[in-house]
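Worksheet for the structure shown next.
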Amino acid sequence: MDDVSQILGVPISGHATVGSSSVDAESFGLLVKECLGIPQEVLDEQFTSNKLSNEWLKGYFSKKIDDSTAAEVEYAVKGYLLFMFGCLLFVDKTGTHISVAYLRLLMDYKEIKNYAWGAGILAYMFGALREASRAKVYQITCFVHLLEAWIYEHFPMFAPQPNMDYKEEQIPRMGRWTNISSTYPNPKNTQKWFRQVIDKLHPSQVLWDPYSNVRDLRPLNHISFLHGALCILDKTEPYNANRVLRQLGHKQTIPTARWPKKRMTLTQTDTIWKLGDLLVQDVEHRQTRLDELQEHRQTRLDD
Numbered sequence: 001m002d003d004v005s006q007i008l009g010v011p012i013s014g015h016a017t018v019g020s021s022s023v024d025a026e027s028f029g030l031l032v033k034e035c036l037g038i039p040q041e042v043l044d045e046q047f048t049s050n051k052l053s054n055e056w057l058k059g060y061f062s063k064k065i066d067d068s069t070a071a072e073v074e075y076a077v078k079g080y081l082l083f084m085f086g087c088l089l090f091v092d093k094t095g096t097h098i099s100v101a102y103l104r105l106l107m108d109y110k111e112i113k114n115y116a117w118g119a120g121i122l123a124y125m126f127g128a129l130r131e132a133s134r135a136k137v138y139q140i141t142c143f144v145h146l147l148e149a150w151i152y153e154h155f156p157m158f159a160p161q162p163n164m165d166y167k168e169e170q171i172p173r174m175g176r177w178t179n180i181s182s183t184y185p186n187p188k189n190t191q192k193w194f195r196q197v198i199d200k201l202h203p204s205q206v207l208w209d210p211y212s213n214v215r216d217l218r219p220l221n222h223i224s225f226l227h228g229a230l231c232i233l234d235k236t237e238p239y240n241a242n243r244v245l246r247q248l249g250h251k252q253t254i255p256t257a258r259w260p261k262k263r264m265t266l267t268q269t270d271t272i273w274k275l276g277d278l279l280v281q282d283v284e285h286r287q288t289r290l291d292e293l294q295e296h297r298q299t300r301l302d303d
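The sequence shown begins at 1 in full-length UniProt numbering and counts up one residue at a time.
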């Protein structure tokens, strides 16, 4: 979760992004009218499914902010967020539509900022990566730009040219890269080339904590040490920080068993997330910090 927080600048602690993904005809109308303020006659003319078109959302709410009431501004902001969900953060296999189930997370305008959006984005990505790893699956549907930025941060040899105008205090951090790719071999041999490079990687070529120089600006959130589950709507994914302690700046030890071991209900997931502070590994179980370990090793070498 630390990577999501650093790269995107979105919160990783707060309300769980949990809710039902099921939408019938009645709930569709209620969600869209109450959350987006779209009249019933427009719904009857435009929609026959539980999804909205990203292009339609963009067109409908375009310039809605000008000379609008406070309520209309709220509708437009929610419409824009739903558009962002469908285009970037929670892209589905259509690539053009977004389920109105996500409106359940946007109902209370004042509480939107208090959701753990970063945890939800990561849960969605975990699910997409799991699906993409299966046989005969040839695409991945998630916020792939986040995955790319994570690779650039931890594996500098794959990074594109840096954005020379970027300042470390800027958010999102993924703005530090340009869209100018590094030079790779012939596209037909790219996959083979990547595999060869990865197979030959040495630990010294990996940046385990690429954010060490900005910790004063954006400290490591203790929720990153969670040993539990992440959720997005009614989908849950295990999150076991004890398996990536080195990436979080600590000595990696043999982790305990994966948790949770079975699929949980929405109520269980929401309850577990609210107990997040109790499920975060304490300092003792996080083991020795890497910088202390390295100092100890250097002292022994000097002796």
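From the three backbone atoms N, C-alpha and C, an ideal C-beta is built for every residue, glycine too.
Around Leu217, the same chain offers Glu168, Glu169 as residues with beta carbons nearer than 8 Å, after the five sequence neighbours per side are excluded. Only residues of its own chain outside the window of five on either side were considered, and among them Leu31, Asn50, Ser99, Val100, Ala101 have a CB closer than 8 Å to the CB of Val23, listed in chain order.
In this structure, Leu36 places its C-beta atom within 8 Å of the C-beta atom of Tyr75. Residues Gly249 of the same chain have their beta carbon placed closer than 8 Å to that of Ser212, with the five preceding and five following residues left out of the count. Looking at the DSSP output, Ser53 bridges to His97. Closest by C-alpha distance to Leu233, out of Val10, Phe85, Glu41, is Phe85. A residue is called buried once 16 or more other Cβ atoms fall within 10 Å of its Cβ, and Arg176 is buried on that count. With contacts defined by Cβ atoms closer than 8 Å, Glu153 and Ile7 form a contacting pair.
Partner residues in the beta bridge of Gly228, as assigned by DSSP, are Tyr239.
Taking the CA atoms as reference points, Asp2 sits about 14 Å from Ile171.
In its chain, beyond the 5 residues on either side, Glu153, His154 have a beta carbon closer than 7 Å to the beta carbon of Pro210.
A check of alpha carbon separations from Phe126 across Gln252, Asn179, Val4, Gln191 identifies Val4 as the nearest. Rounded to the nearest angstrom, the gap between the Cα atoms of Val206 and His222 is 23 Å. Look at Trp150 here: in three-state DSSP terms it is helix.
Here the alpha carbons of Met157 and Asn163 stand approximately 16 Å from one another. Following the DSSP letters along the chain, one finds Val4 inside the alpha helix (DSSP H) bounded by residues 2 to 8. Met174 and Ala149 have their C-alpha atoms roughly 6 Å apart. Rounded to whole angstroms, the separation of the alpha carbons of Ser68 and Ala119 is 33 Å. Taking the Cα of Lys110 as reference, the smallest distance to any Cα among Ser53, Val77, Tyr138, Gln139 is reached at Val77. The criterion of a C-beta distance shorter than 8 Å is not satisfied by Leu105 and Thr236. One thing to note: Ser53 has its Cβ within 8 Å of the Cβ of His97. As the crow flies, the alpha-carbon of Lys33 is around 11 Å from that of Met107. Residue state for His15 is assigned as strand, using DSSP reduced to three classes. Counting of Cβ neighbours within 10 angstroms places Phe225 among the buried residues, the total reaching 16 or more. In its chain, beyond the 5 residues on either side, Ile65 have a beta carbon closer than 7 Å to the beta carbon of Val73. Bridge pairing for Trp177: Pro162 [DSSP]. Taking C-beta atoms as the reference points, Phe143 and Val91 count as a pair closer than 8 Å. Spatial neighbours of Leu89 in its own chain (CB-CB distance under 7 Å, excluding positions within 5 residues in sequence) are listed in chain order as Ile121, Phe143. In the structure shown, Tyr211 adopts coil according to DSSP, grouped into three states. Secondary structure of Leu233 (DSSP, three-state): strand.
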